[in-house]
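Just below is one structure, and these are the notes that go with it.
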Amino acid sequence: MAEVSLSRLVRNLVALRNLSEKEVIPVIKADAYGHGLFPVARALVSRGCTELLAVATLEEALEIRKRLSSVGILVLSGFFPHQIEAYIKNHIIPVIHSLNQLRAMTGRTRIPTYHIKIDTGMSRLGIPFDEIDEVIRIVQRLPDKISGLATHLSESERVSSRFSDEQIATFEAVYRRLLEARVVNTDARIHVANSGGIFNKKLGPATAVRAGLSLFGVSPNEALSTEGLIHPILEWKTRVLSLKDIPAGTSVGYNRTYRSKRGERLAILPVGYGDGYPRLLSNCGEVLVFGKRAPVRGIVSMDLIAIDVTHIPNVKEGTSATLLGKNGKDELGAWELARWAKTIPYEIFCGLSTRVPRLYFE
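Dropping the structure here:
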């Protein structure tokens with residue numbers, strides 16, 4: 011069971027808004043980073059007074075539009091010319107990444123409201139600096155001006171990054187050029203900073219910021235302190251399915267990768283990589299039971315893991331176990347799990363499968 015605090019989500023939104031002193035565009039792609047797309051979207055709009063949400067694909071945008079008719083929805087990637095009518099019909103805003111995408115809207119009397127992304131050094135999506143004059147010529151032939159301008163910082167989570175400053179300088183030069191050509195709306199949203207940029211004040215000439223991981227209460231860099239500002243909104247819990255006492259020298263799990271050095275009491279939990287608990291936590295992960303840490307024994311299988319509770323009294327079938335979050339005075343954070351699994355918190359959250367029920371607290 012993943013327990014998600016929507017009230018804490020809204021408090022994080024307000025904290026990020028206060029910190030940046032900008033409009034916050036919540037990035038809720040990939041099922042809101044595994045937290046649940048619609049419940050998160052609804053809370054941000056109804057309680058957080060959010061006017062614009064950001065997702066990765068048109069399909070995600072349409073899923074929100076089915077239930078939320080008034081909020082603006084920005085699609086950060088995945089624009090294809092044959093989708094133009096769907097963007098117009100459903101009032102969804104594409105982010106244009108290339109001259110060909112921009113040209114696809116010429117000759118039309120109606121086009122969707124659109125943002126343009128500038129590649130300032132990420133070398134992924136975005137129009138490069140040397141194509142800006144052509145952008146101006148194309149936009150001058152379109153029925154509507156640019157409603158938003160964006161770029162993406164490649165290392166904003168670093169506490170000190172000269173490259174982020176260089177990216178912002180490039181972006182500002184492009185923005186000035188577009189303003190001089192009068193192809194940008196006066197109320198256009200200008201957004202540069204992601205979560206790392208917000209905390210490191212890498213904002214540029216922005217009117218808005220894009221918050222992803224920080225919205226869910228986790229810092230984009232373990233070395234970047236966000237204590238007291240944002241708080242995790244998700245806790246992942248399960249219950250002990252079975253208990254087993256094993257003598258010294260007993261192997262545990264597939265391929266016998268663990269062998270007990272003494273008599274041990276194992277608790278078997280009904281969770282595995284089929285639920286999103288990483289297999290890389292085999293023999294190195296920990297679970298909280300009664301506020302104490304119980305190490306994972308053996309390989310994480312699809313549906314089950316074994317943990318050592320020898321040192322924890324009173325564990326019974328049905329006892330609660332925390333995989334992620336607080337239990338007693340201790341806490342397992344997303345960064346801790348990510349270190350054990352040799353990954354990042356983004357992947358931990360996005361890996362939570364639909365097999366894990368989400369319970370939302372207002």
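Each number in my numbering comes from the position in the sequence shown (counting from 1) with 10 added on.
All C-beta atoms in this analysis are idealised placements derived from N, C-alpha and C, irrespective of residue type, glycine included.
Please read these numbers as outputs of a predicted model, since none were measured by experiment.
For this session: Tell me the start and end of each unbroken beta strand (DSSP E) in the region 200 to 284 that is at least 3 residues and wholly inside, in chain order.
Result: 218 to 221, 244 to 249, 252 to 256, 274 to 279
Exercise. Under the three-state reduction of DSSP, which class applies to D313: helix, strand or coil?
Worked result: coil
For this session: Quick one: give me the first and last residue of the alpha helix (DSSP H) that I148 is part of.
Result: 142 to 149
For this session: Measure how close the beta-carbons of G82 and L62 come, nearest whole angstrom, since I'm counting them as under 8 Å.
Result: 4 Å
For this session: Would you kindly work out how many angstroms separate the C-alpha atoms of L333 and S170, rounded to a whole number?
Result: 33 Å
Problem set entry | Terminal residues of the alpha helix (DSSP H) in which R27 lies | 16 to 30
Problem set entry | Limits of the unbroken beta strand (DSSP E) element including F90 | Unbroken run through F90: none, as it is neither H nor E.
Problem set entry | Completely contained alpha helix (DSSP H) runs for the region 32 to 58, where each covers 4 or more residues | 39 to 43, 47 to 56
Exercise. Which term fits E70, buried or exposed, when burial requires 16 or more other beta carbons within 10 angstroms of its beta carbon?
Worked result: buried
Exercise. When DSSP labels each residue in this structure, what does N110 get in the three-state scheme?
Worked result: helix
Exercise. Considering only the beta carbon of each residue, do A277 and V250 sit closer than 8 Å?
Worked result: yes
Problem set entry | Contacting residues, own chain, Cβ-Cβ under 7 Å from S166 (five flanking each side not counted) | S174, A203, N204, G206, G207, N210, K212
Exercise. Who are the Cβ neighbours of I6 in its own chain at under 8 Å, not counting the five residues just before and after it?
Worked result: It is not possible to answer for residue 6, since the shown part of the chain is limited to 11 through 372.
Exercise. DSSP on R373, reduced to helix/strand/coil?
Worked result: It is not possible to answer for residue 373, since the shown part of the chain is limited to 11 through 372.
Problem set entry | L347: first and last residue of the uninterrupted alpha helix (DSSP H) it sits in | 344 to 350
For this session: Please confirm whether L112 and I121 have their CB atoms less than 8 Å apart.
Result: no
Exercise. Near E341, what residues of its chain come up, given a Cβ to Cβ distance below 7 Å and the 5 sequence neighbours on each side ignored?
Worked result: G335
For this session: Tell me, to the nearest whole angstrom, how far the beta carbon of Q177 is from that of G136; I am working on the premise that it is less than 8 Å.
Result: Actually they are not in contact, since the Cβ atoms of Q177 and G136 sit about 11 Å apart, beyond 8 Å.
Problem set entry | Residues near W345 in its chain [Cβ-Cβ closer than 8 Å; skip 5 each side] | V228, S229, E232, P355
Exercise. Between the beta-carbon of G286 and the beta-carbon of S164, is there less than 8 Å?
Worked result: no
Problem set entry | Span of the alpha helix (DSSP H) around E69 | 68 to 75
Exercise. Does the separation of the CB atoms of P138 and Y185 fall below 8 Å?
Worked result: no
For this session: Could you name the residues of the same chain whose beta carbon sits closer than 8 Å to that of G273, not counting the 5 residues immediately before and after it, in chain order?
Result: D255, I256, P257, A258, T320
Exercise. Hey, K127 and T180: beta-carbon distance below 8 Å or not?
Worked result: no
Problem set entry | Outcome for S224 when other beta-carbon atoms lying within 10 angstroms are tallied against a minimum of 16 | buried
Exercise. Sorted by chain position, which residues of the same chain lie with C-beta nearer than 7 Å to D318's C-beta, five sequence neighbours on each side aside?
Worked result: E274, L276, A304, P305, R307
Problem set entry | Nearest neighbour of G338, chosen from F371, N324, G301 [CA to CA] | G301
For this session: Just the C-alpha distance for A221 and I240, rounded to the nearest angstrom, thanks.
Result: 12 Å
Exercise. Which residues mark the beginning and the end of the beta strand (DSSP E) in which E296 is found?
Worked result: 296 to 299
For this session: With distances taken Cα to Cα, identify the nearest neighbour of I322 among V299, S56, V34, D313.
Result: V299
For this session: Consult DSSP for A191 and reduce its assignment to one of helix, strand or coil.
Result: coil
Exercise. What's the call for G263, buried or exposed, on a 16-neighbour Cβ count within 10 Å?
Worked result: buried
Problem set entry | Between the CA atoms of K247 and N293 - distance to the nearest angstrom | 19 Å
Problem set entry | Proximity below 8 Å, CB of T116 to CB of R151 | yes
Exercise. Rounded to whole angstroms, how far is the Cβ of E31 from the Cβ of T217, which I believe are closer than 8 Å?
Worked result: In fact, because the Cβ distance is near 10 Å, the residues do not count as touching under 8 Å.
Exercise. Just curious, the alpha helix (DSSP H) that I83 is in, first and last residue?
Worked result: Here I83 belongs to no alpha helix (DSSP H); instead the beta strand (DSSP E) covers 82 to 85.
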